[in-house]
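Respectively, the protein sequence lines represent chains A and B.
If you count the first sequence from 1, position 155 lands on 169 in my numbering, and the numbers rise without skipping.
If you count the second sequence from 1, position 41 lands on 55 in my numbering, and the numbers rise without skipping.
There are 2 protein chains.
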Amino acid sequence: MKMKLQVIMNDDLFLRDPEHTELGRNIVKYSIQYIHQFGFEAFTFKKLAEDIGTTEAGVYRYFENKHRLLTYITAWYWSWLEYQIVFQTNNVNDPVIKLKKVIKLLATAVQDDDQTSHVNEKLLHNIVISEGSKVYLTKQVGEDNKQQFFKPYKELCSVISAIILECSPKYKYPRSLATTIIEMAHLQNFFMNNLPSLTDFSKTKEDSDIIAFLNDLVFSSIKKR
Amino acid sequence: MKMKLQVIMNDDLFLRDPEHTELGRNIVKYSIQYIHQFGFEAFTFKKLAEDIGTTEAGVYRYFENKHRLLTYITAWYWSWLEYQIVFQTNNVNDPVIKLKKVIKLLATAVQDDDQTSHVNEKLLHNIVISEGSKVYLTKQVGEDNKQQFFKPYKELCSVISAIILECSPKYKYPRSLATTIIEMAHLQNFFMNNLPSLTDFSKTKEDSDIIAFLNDLVFSSIKKR
DNA sequence: TTATAGATGATAGTATTACTATTATATACA
DNA sequence: TGTATATAATAGTAATACTATCATCTATAA
């Protein structure tokens, strides 16, 4: 069985749908590579165009600016991740096992998914770790939110908070705990690799330590008392 | 009693010490105002210079670039906050009360501190919430770390993790829990005000709700079991 | 088969940003 | 009085973040 998985994106995120053309898919593909390698600050449409063999104006036909492109690829990531979670927790009845799977998915280095040829999920995962919060930490956050740019993130948060409530129906902070899990899965990874003394994982640098930390944090909080 | 409180800064953070001159103090003061009002992306040394009534080159004599300036003011904030914590938890014997005070200090809107005339801590607190993580979420994080730019943040993390261990000597993740408290105190505030559906505080929008959430999170985790 | 819409390429141009350099002036202090 | 220090004024450069125009190529509907 060979399937192609297509993420449906909010079409206010782009000017021309990058999924529809070779150039569009290349823009997404090479953006991910460039941002991963040199960081979002160093990333420009001109340099990207050179990498692809098109022109700056060519890229601008697809995305309004580089911030919008970052918003696009992170939104794509959250949608993809929600799908992974829904898929992998399907038919699991025990909500505790579900939540553990979620934590594991969030905190584990991703494998590139062959179903989506032009997106390297492994690189994208790393981008979301180090650049993801720049998407909303801006003065336009309100307007971007009105245009539903953060819907995939919010949906993921909803899914996780629903699982939390399944585990512990009376827990009072399911959404805040959900964002805590998401953000900390990423931030502890960033700290572990870049500012290790801010974590307790500096010796091993293992994803599994972060998972253990998050499991401990989450399940002691939501345990019925 | 009228005291002047001076934060000693790592002098690799600036080219010329802004505390020493009127212009320097103005650069810090007006940067904080500008970044608070328009955000870090819109902030340039040219616009700042116009606000102050000096020239772009004048600002460059104090700081290498705007990222370095942001690093400076956030480092200043963390140092100042650590002092507040040490001061306010002094003579408190019960580590649980200490930790609660820490959480409260982290999650409460700050009052402007008259002891530091040219820094508006209230605005700076908001800047650290919305721009603070941009300081380390860069490709230069390793080099900046070598130059000790994040020492104040790390010290704060150490102080908090020491209190956590006082509460619960066997707790395995004191540092990661400390950064979780710090980051979540800020991020839940940002979400509450900008993307409220990601939190459980959208109705009240009260700092006290965030404090309650963090207290619940922290004390259920470190409780002896 | 032709007309045409859609996508791309090539080129040019602008305002702003992120700096660096130089020179002159003001002040401070020894 | 001389000298160091800080600042102001000005100029200049390379890169960034766009916008605009026009020619070409290609797929497909008339």
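For every residue, glycine included, the Cβ atom is placed at its ideal position computed from N, Cα and C.
A quick note: this is a predicted structure, and the numbers were derived from the prediction, not measured.
Outcome for residue i when other beta-carbon atoms lying within 10 angstroms are tallied against a minimum of 16
i: B:E70; result: exposed
i: A:P166; result: buried
i: B:P188; result: buried
i: A:N105; result: exposed
i: B:E197; result: buried
i: B:E9; result: Nothing about residue 9 of chain B can be read from this structure; chain B reaches only from 15 to 239.
i: B:N79; result: exposed
i: B:E135; result: buried
i: A:K112; result: buried
i: A:H34; result: exposed
i: B:A192; result: buried
i: A:Y74; result: exposed
i: A:D31; result: exposed
i: B:N40; result: buried
i: B:Q51; result: exposed
i: B:K163; result: Here residue 163 of chain B is Phe; the residue named in the question, Lys, does not match the sequence. Counting Cβ neighbours within 10 Å, B:F163 comes out buried, since at least 16 surround it.
i: A:S182; result: buried
i: B:D223; result: buried
i: B:M206; result: buried
i: B:S211; result: exposed
i: A:K60; result: exposed
i: B:L151; result: buried
i: A:R239; result: Reliability fails at A:R239, whose pLDDT of 43 lies under 50, so the model's placement of it is uncertain and the value that follows must be treated cautiously. Exposed is the call here.
i: A:S131; result: exposed
i: B:F101; result: exposed
i: A:K114; result: buried
i: A:T218; result: exposed
Delimiting residues of the alpha helix (DSSP H) encompassing residue i
i: B:N40; result: E36 to F52
i: A:R30; result: Note, A:R30: premise wrong, no alpha helix (DSSP H); not H, not E.
i: B:F204; result: P188 to N208
i: A:S234; result: D221 to I236
i: A:Y167; result: K165 to C181
i: A:G143; result: Per the sequence shown, the amino acid found at residue 143 of chain A is Ile instead of Gly. E135 to E145 is the extent of the alpha helix (DSSP H) around A:I143.
i: A:V155; result: V155 to K160
Residue i and residue j closer than 8 Å at C-beta
i: A:I49; j: A:F57; result: yes
i: A:D65; j: A:Y86; result: no
i: B:L29; j: B:F54; result: no
i: B:V155; j: A:N208; result: yes
i: A:I143; j: A:N229; result: no
i: B:V149; j: B:T88; result: yes
i: A:S190; j: B:D221; result: no
i: A:L201; j: A:W92; result: no
i: B:V116; j: B:I99; result: yes
i: B:S147; j: A:S147; result: yes
i: A:L231; j: B:S172; result: no
i: B:M23; j: B:W94; result: no
i: B:I225; j: B:K160; result: no
i: A:G72; j: A:L37; result: yes
i: B:I177; j: B:I195; result: no
i: B:P109; j: B:E157; result: no
i: B:L27; j: B:R82; result: yes
Taking only runs that begin and end inside the stretch 65-133 of chain A, name each unbroken beta strand (DSSP E) of 3 or more residues, in chain order. none
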